[in-house]
Amino acid sequence: MPMLHKTSGPLDASIRAPGWDRLGIALSLTLALAWTILICQTVWPGLMSFDSLLAYRQSIDGIDTAISPPMHDYLFYLSRLLSGGPGGLLVIQSFGLFFSANLIIYRAAKGAALATGLMLVFAAAFLVFPTMLGSIIVLWKDVPVATFSLVAICIWISCLERFSATRMVYLFLCLTIVISLRYNALPIVLPFMALVVLNPAGPGTTMRRRMGAVLGGVLAMSIAYGSTLWRLPDFQRLPPVEKAVAAIKLWDIVGISACEGENLLPEGVEAEPRFSAADLKTLYDPRHANLTLKNPVWRAHMPPNIAQYAPAIETRWRELLVGHTACYLKTRTRVLRQQLGLGTAVVHYPTHDGIDENIYGLKLSRPDRTNALVQKILHWSSDPVRRPYILYILSMALAVAAMHLNKWRLDLLLAINLGNAGFLSFLYFVAPAADARYLFPSNVFCALSIALSLAVLAQYARAWLAWNCRSEMALASPGS
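Counting in this note's numbering, the sequence shown runs from 13 upward without gaps.
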């Protein structure tokens, strides 16, 4: 048998990265432009929900809340400078995502034909799993999380060929943006950051460069954390987010109460008479905290501002975490199942339906075309075999096979899958809703993992076929 285990993986840290030739760049650029133009021609200037318009408003009037991290506001500010509106961000997040993914795939495939096929596989994931398409057409912060993560990976690959301190600065700038965009974004890039520390420069890796990568990672996380506390440009302290945290934990308490069949709300929060267990079971909705906490029945019985009860909610939540652990896990699992579309009638909120009413005159340029696409996404996402959980199963199965053949090297494929596991695990405990868009960064990593895994499997398959051909020729030759 051939020594197949010596075949290099997609981004084996022990070998010299060959970089990208003109064909690879041209191919990656062409396909990325094609997908970006198609998206922009259909949904320009991008769909915008309440969250999107809040960030857009704060990019104009100034930041007055940190309920959503301000980095998205800054990206809208840059978009307005570059394009006069939100459309610039649609172009950047779409083109950056596909161009970076294509470059990574080309580097892994080691052949234009295979690379083209795998780039199409990556793009096809957005159609096969419609919640991915439903997210990329909306100006949600989940999309640039994925985009800047892929850009950072591309920069790292280039440093394997020829190390550049300047490029490393750009790499950690991208990671700073990623971590700043979502409070739960760090887990998805943390394994990749560890890989960069272990191998920042390929054959040129030195302890000094590793220490530089460590410093870059610490700065990225510190700046990202600081961006949620102080706003730009005046560095004023932002209001605390206790109300948002308290709302999530109160939602958990309602879910645990529904599970236990007992009113476990903190004493003194609700008006008399207290909710019955049956009331809370009816009120609890695992799809979104607002569907429970903004229910008219709930609001008529509860104080409008729960921030004053945050300490009591925190204390009760901690008590239930220990005393009713099983029901807490059941409650969070119900949320995750809604997100993944696992055993549910539909996937919750697979996309937004347009641009909400606003004072900025933002409207869809082709509403008929956009509406037609939105209806297709809603229809496709109800298909049981096109749910997000299928994507995760497929990604993990192929990744395990590829990493096993690749002898579990500390390479990009392993880092991507560890990032996915960390992101999904963290989201399990903190998600304020079961919106499908929250999974978008890990969905993109799954699609990339599938492409990279297929690249590894194809390389081993080619090696095996070549070995068989040589063996048959040796047996058929005279004197064998």
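Think of the CB as a built atom: it goes at the ideal place given N, C-alpha and C, for glycine as much as any other residue.
Predicted model only: the values in this text are computed from it and were never measured.
- If the five residues before and after leucine 469 are omitted, its C-beta is found closer than 8 Å to the C-beta atoms of Leu410, Ala413, Ala414, Leu417, all from its own chain and listed in chain order.
- In the same chain as serine 61, and ignoring 5 residues on each side of it, the C-beta atoms closer than 8 Å to its own belong to Val150, Trp152, His364, Asp368, in chain order.
- The bridge partners DSSP lists for alanine 78 come to none.
- The shortest CA-to-CA distance from threonine 143 to any of Gln105, Gly434, Gln320, Leu403 is the one to Leu403.
- The C-alpha of threonine 188 is placed about 10 Å away from the C-alpha of valine 230.
- Proximity of the segment 425–444 to the segment 179–197 meets the contact definition, three or more beta-carbon pairs being nearer than 8 Å.
- Secondary structure at methionine 408: helix, using DSSP grouped into helix, strand and coil.
- Secondary structure of methionine 314 (DSSP, three-state): coil.
- Residue pairing by DSSP places alanine 445 opposite His300 in a beta bridge.
- By the neighbour-count definition (other C-beta atoms within 10 Å, threshold 16), methionine 205 is a buried residue.
- In this structure, the beta-carbon distance from phenylalanine 175 to arginine 221 falls below 9 Å.
- With a 10 Å radius around the Cβ and a threshold of 16 neighbouring Cβ atoms, serine 170 comes out buried.
- The DSSP-derived three-state label of leucine 451 is helix.
- Annotation: the continuous alpha helix (DSSP H) that includes aspartate 264 extends over 254–272.
- Bounds of the alpha helix (DSSP H) holding leucine 295 are 289–295.
- In this structure, DSSP gives leucine 162 a helical state, which the three-state scheme calls helix.
- Ranking Val181, Val266, Asp246 by CA distance to the CA of alanine 232 puts Val181 first.
- Of all alpha-carbon atoms in Leu193, Asn317, Leu115, the one lying nearest the alpha-carbon of valine 163 is that of Leu115.
- Comparing C-alpha distances from tyrosine 401 to each of Tyr472, Ala135, Ala322, Leu451 shows the shortest one belongs to Leu451.
- In the three-state reduction of the DSSP assignment, valine 281 falls in the coil class, being assigned neither a helical nor a strand state.
- By the Cβ criterion, the segment 236–244 is not in contact with the segment 302–313, since fewer than three pairs of Cβ atoms, one from each stretch, lie closer than 8 Å.
- Per DSSP, reduced to three states, the secondary structure at arginine 421 is coil, with no helix or strand assignment.
- Looking only at Ser106, Ile37, Phe107, Lys261, the smallest Cα-Cα distance to glutamate 326 is reached by Lys261.
- In this chain, histidine 364 is not harboured by any alpha helix (DSSP H), its DSSP state being neither H nor E.
- The three-state reading of DSSP puts leucine 59 in strand, counting E and B together.
- The beta-carbon separation of proline 444 and alanine 301, rounded to 5 Å, stays under the 8 Å limit for a contact.
- Take leucine 295, set aside five residues on each side of it, and the residues of its chain with a beta-carbon closer than 7 Å to its own are Val266, Thr304, Asn307, Val309, Trp310, in chain order.
- Shown here for leucine 130: same chain residues with a beta carbon closer than 7 Å to its own, the five before and five after excluded, namely Ile117, Ala121, Ala463, Leu466, Ala467 in chain order.
- For lysine 388, the enclosing alpha helix (DSSP H) stretches over residues 379–393.
- When DSSP states are grouped into helix, strand and coil, arginine 92 belongs to the helix group.
- Nearest to asparagine 317 by C-alpha distance, out of Ala290, Ser377, Ala259, Arg286, is Ala259.
- Residue burial is scored here from C-beta neighbours: tryptophan 47 has at least 16 other C-beta atoms within 10 angstroms and is therefore classed as buried.
- Around the beta-carbon of glutamate 272, 16 or more other beta-carbon atoms lie within 10 Å, marking it buried.
- The C-beta of isoleucine 371 has fewer than 16 other C-beta atoms within 10 Å across all chains shown, which makes the residue exposed.
- Around alanine 113, the same chain offers Phe134, Leu162, Leu460 as residues with beta carbons nearer than 7 Å, after the five sequence neighbours per side are excluded.
- Less than 9 Å separates the beta-carbon of histidine 336 from that of isoleucine 268.
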